[in-house]
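K.L.:
Residue numbers (the UniProt record's numbering): 1 to 433.
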């Protein structure tokens, strides 16, 4: 009967095999030579994404036994227990954290990858973040994604599809999604003028002060079989009680540690001060001790490296980054100036259009007033004409009346004269009055 192949070894089907590497915002696929090492794959990924600050990162994968591991750079990929899948999946993640993000992170791509990783850790509650800090961090994440807050284009509910707050924070208060959005929007509006990389850096500067930031936790037991947690950080090793991952009960900085080693599941920390006792603990698996030691070595190396003058490579990167940042700032200032001029022109145009509408309204009202005046004048003229006609008619009637009166007087005089003549004919005399 033939021996079975180990579960982590796959049968050769050619000179290369496919792998998939996922960053937190992209998926990369490569065909690796069968004899390719972890270094070959790691360098290929770094070149593809333009990353030069490689010392913070690693390739993480789940092996055939379900254990989360970091790919060893000096060994063949195929010799590291990768699971049998059509395409081998790896996660490109930050393995070691900087002590001070503002001082250490040089490249924008490095900063962006850490921003995505820390944001995911906070939202998944792997890093505890209090409510107020969560809202502030959410506002920086929104600024990084959408740019400046614009009241004219912002619509309520615009952030509904974004994962911005840890569920623990949401559950802690009786607030609707609209209320949370309003809280975030208040901070978001204050970040106007902040570029994506500036917003991401502000996010990281706040996040790095959180108690669980940059800590790799491992369950351990001490000599008394008390359950504890070991935390591996950029500054050293922390020992936590089982129910408190925020405040360490014991801390060893890297400068205080003389030697670290393990024997099977037993792990030994020897302090520099020889009079101090060794700290001994026990892990659950030998593989866990190997991972702990790997993280200790990497963090210690970076700890010592930070306390030395920058290498020529880092100096060159910082100079290039400074030049690039200056160039981008000049470009942003230019764009901001153009935007200001454009907005000023648009405001002036709107003001002129408003004045034009106002003038048109004033002209319309003046025309209406003129029309009313003309109508009033015509009405007055008509009334004057009618009055004149009435006056003429009255004058005519008065004249006719005078004529009638005159006629009547004449008639009366004639009648009187005729009466006198009649009396004379009777031979009498009429006494004069």
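Where is the CB? At the ideal position from N, CA and C, for every residue including glycine. Keep in mind that this is a model prediction, so the values were computed, not measured.
How far does the alpha helix (DSSP H) with residue 139 in it reach, from first residue to last?
P.N.:
In the chain shown, the residue the question calls residue 139 occupies position 139. Taken as a continuous stretch (DSSP letters only), the alpha helix (DSSP H) holding residue 139 covers 131-146.
K.L.:
List the DSSP bridge partners of residue 260.
P.N.:
Within the chain shown, the letter at position 260 stands for residue 260. Looking at the DSSP assignment, residue 260 forms a beta bridge with 269.
K.L.:
Classify residue 21 as helix, strand or coil using the three-state DSSP reduction.
P.N.:
One-based indexing of the chain shown puts residue 21 at position 21. Note: residue 21 maps to strand in three-state DSSP.
K.L.:
Between the C-alpha atoms of residue 226 and residue 26, what's the straight-line distance to the nearest angstrom?
P.N.:
Taking the first residue of the chain shown as 1, we reach residue 226 at position 226. Taking the first residue of the chain shown as 1, we reach residue 26 at position 26. For residue 226 and residue 26, the distance between alpha carbons rounds to 42 Å.
K.L.:
Quick check: what's the CA-CA separation for residue 292 versus residue 232?
P.N.:
Locating residue 292 in the chain shown gives position 292, counting from the first residue. Locating residue 232 in the chain shown gives position 232, counting from the first residue. Roughly 8 Å between the two C-alpha positions.
K.L.:
Please decide whether residue 138 counts as near chain C, where near means a Cβ-Cβ distance under 8 Å.
P.N.:
Given the protein chain composition of this structure (a single chain), no chain C is represented.
K.L.:
For the alpha helix (DSSP H) containing residue 55, name the first residue and the last one.
P.N.:
As a working note, residue 55 is residue 55 in the chain shown. Per DSSP, residue 55 belongs to no alpha helix (DSSP H) and is neither H nor E.
K.L.:
Leaving out five residues on either side along the sequence, give the residues of the same chain with a beta carbon under 7 Å from the beta carbon of residue 202.
P.N.:
As a working mapping, residue 202 is identified with position 202 in the chain shown. These residues qualify, in order along the chain: 140.
K.L.:
Return the chain-ordered list of same chain residues with a C-beta closer than 8 Å to the C-beta of residue 273, the five sequence neighbours on each side being excluded.
P.N.:
The count along the chain shown starts at 1 and reaches residue 273 at position 273. 256.
K.L.:
Look at the Cβ atom of residue 168, then the Cβ atom of residue 125, and state whether they are nearer than 8 Å.
P.N.:
For the purposes of this step, residue 168 is taken as residue 168 along the chain shown, with counting starting at 1. For the purposes of this step, residue 125 is taken as residue 125 along the chain shown, with counting starting at 1. Result yes, Cβ atoms of residue 168 and residue 125 sit closer than 8 Å.
K.L.:
Straight-line CA distance for residue 86 to residue 43?
P.N.:
Counting from one through the chain shown, the residue named residue 86 turns up at place 86. Counting from one through the chain shown, the residue named residue 43 turns up at place 43. Near 22 Å, if we compare the C-alpha coordinates of residue 43 and residue 86.
K.L.:
Is it right to say residue 452 is buried, meaning 16 or more other beta carbons lie within 10 angstroms of its own, or is it exposed?
P.N.:
The first residue shown for the chain is 1 and the last is 433, placing residue 452 beyond what the model contains.
K.L.:
Restricting to runs no shorter than 3 residues, where is the beta strand (DSSP E) found entirely within the segment 311-335?
P.N.:
If we require 3 residues or more, the segment 311-335 turns out to have no beta strand (DSSP E) run fully inside it.
K.L.:
Within 10 angstroms of the Cβ of residue 200, are there 16 or more other Cβ atoms? Answer buried if so, exposed if not.
P.N.:
Your numbering for residue 200 matches position 200 in the chain shown. Label assigned to residue 200: buried.
K.L.:
Do you know how far the Cα of residue 37 is from the Cα of residue 9?
P.N.:
For the purposes of this step, residue 9 is taken as residue 9 along the chain shown, with counting starting at 1. For the purposes of this step, residue 37 is taken as residue 37 along the chain shown, with counting starting at 1. Only weak support exists for where residue 9 lies, its pLDDT of 42 falling under 50; the value from the coordinates is given anyway. So the alpha carbons of these two residues sit roughly 15 Å apart.
K.L.:
From which residue to which residue does the alpha helix (DSSP H) around residue 33 run?
P.N.:
Along the chain shown, read from residue 1 onward, the residue named residue 33 stands at position 33. It is not in any alpha helix (DSSP H) - residue 33 instead sits in the beta strand (DSSP E) that spans 27-33.
K.L.:
Specify whether the segment 98-116 and the segment 49-60 touch according to this definition: at least 3 beta carbon pairs, one from each stretch, less than 8 Å apart.
P.N.:
Short answer: they touch.
K.L.:
May I have the straight-line CA-CA distance separating residue 114 from residue 322, to the nearest angstrom?
P.N.:
Numbered from 1 along the chain shown, position 114 holds the residue referred to as residue 114. Numbered from 1 along the chain shown, position 322 holds the residue referred to as residue 322. Those two C-alpha atoms are separated by around 19 Å.
K.L.:
If you drop the 5 nearest sequence neighbours on each side, which residues of the same chain put their C-beta closer than 7 Å to that of residue 39?
P.N.:
Here residue 39 refers to the residue found at position 39 when the chain shown is read from its first residue. The answer, listed in chain order, is 73, 74.
K.L.:
Is the CB-CB distance between residue 286 and residue 265 below 8 Å?
P.N.:
Within the chain shown, numbered from 1, the residue matching residue 286 stands at position 286. Within the chain shown, numbered from 1, the residue matching residue 265 stands at position 265. Yes, the Cβ-Cβ distance between residue 286 and residue 265 is below 8 Å.
K.L.:
Could you name the residues of the same chain whose beta carbon sits closer than 6 Å to that of residue 18, not counting the 5 residues immediately before and after it, in chain order?
P.N.:
If you number the chain shown from 1, residue 18 lands on position 18. So the list reads 31, 87, once near-sequence residues are dropped.
K.L.:
Out of curiosity, what's the CA-to-CA distance linking residue 315 and residue 204?
P.N.:
What you label residue 315 is simply residue 315 of the chain shown in a count that begins at 1. What you label residue 204 is simply residue 204 of the chain shown in a count that begins at 1. Using only the alpha carbons, I get a separation of about 23 Å.
K.L.:
Taking the C-alpha atoms as reference points, what is the distance between residue 326 and residue 59?
P.N.:
Translated into positions along the chain shown, residue 326 becomes position 326. Translated into positions along the chain shown, residue 59 becomes position 59. In a straight line, the C-alpha of residue 326 is about 33 Å away from that of residue 59.
K.L.:
Check the DSSP bridge columns for residue 115 and list the partner residues they point to.
P.N.:
Position 115 of the chain shown holds residue 115. DSSP lists no partner for residue 115.
K.L.:
For residue 119, count neighbouring Cβ atoms within 10 angstroms of its own Cβ and tell me buried if that reaches 16, exposed if not.
P.N.:
Stepping through the chain shown from its first residue, residue 119 is reached at position 119. With 16 or more Cβ atoms within 10 Å of its Cβ, residue 119 is classed as buried.
K.L.:
Taking C-alpha atoms, which residue in 240, 280, 239, 244 lies nearest to residue 259?
P.N.:
Counted from its first residue, the chain shown places residue 259 at position 259. When each option's Cα is compared against that of residue 259, the closest is 280.
K.L.:
Leaving out five residues on either side along the sequence, give the residues of the same chain with a beta carbon under 7 Å from the beta carbon of residue 241.
P.N.:
As a working note, residue 241 is residue 241 in the chain shown. Excluding residues within five positions, the ones whose Cβ falls inside 7 Å are 228, 249.
K.L.:
Might you give, ordered along the chain, the residues of its own chain that have their beta carbon closer than 8 Å to the beta carbon of residue 22, omitting 5 neighbours on each side?
P.N.:
Here residue 22 refers to the residue found at position 22 when the chain shown is read from its first residue. Excluding residues within five positions, the ones whose Cβ falls inside 8 Å are 28, 89, 90, 91, 92.
K.L.:
Identify whether residue 105 lies in helix, strand or coil by the three-state DSSP scheme.
P.N.:
By 1-based counting over the chain shown, the position of residue 105 is 105. Three-state result, residue 105: coil.
K.L.:
Using the beta-carbon count (16 or more within 10 Å), is residue 154 buried or exposed?
P.N.:
If you number the chain shown from 1, residue 154 lands on position 154. Residue 154 should be labelled exposed.
K.L.:
Residue 70 bridges to which residues according to DSSP?
P.N.:
Along the chain shown, read from residue 1 onward, the residue named residue 70 stands at position 70. Its beta-bridge partners are 60.
K.L.:
Quick check on DSSP: helix, strand or coil for residue 3?
P.N.:
For this step, residue 3 is matched to residue 3 along the chain shown. With a pLDDT of 40 at residue 3, under the threshold of 50, the modelled position of that residue is not reliable, and the figure given next carries that caveat. Coil, per DSSP.
K.L.:
Please report how far the alpha carbon of residue 164 lies from the alpha carbon of residue 197, in whole angstroms.
P.N.:
Within the chain shown, numbered from 1, the residue matching residue 164 stands at position 164. Within the chain shown, numbered from 1, the residue matching residue 197 stands at position 197. Those two C-alpha atoms are separated by around 18 Å.
K.L.:
Compute the beta-carbon to beta-carbon distance between residue 246 and residue 239, rounded to the nearest angstrom, for a pair I have assumed lies under 8 Å.
P.N.:
In the chain shown, the residue the question calls residue 246 occupies position 246. In the chain shown, the residue the question calls residue 239 occupies position 239. The pair is not a contact, with the Cβ atoms about 13 Å apart (cut-off 8 Å).
K.L.:
Can we count residue 24 as close to the ligand SAH, meaning its CB is less than 7 Å from some heavy atom?
P.N.:
What this structure holds is no ligand at all, so the ligand SAH is not there to describe.
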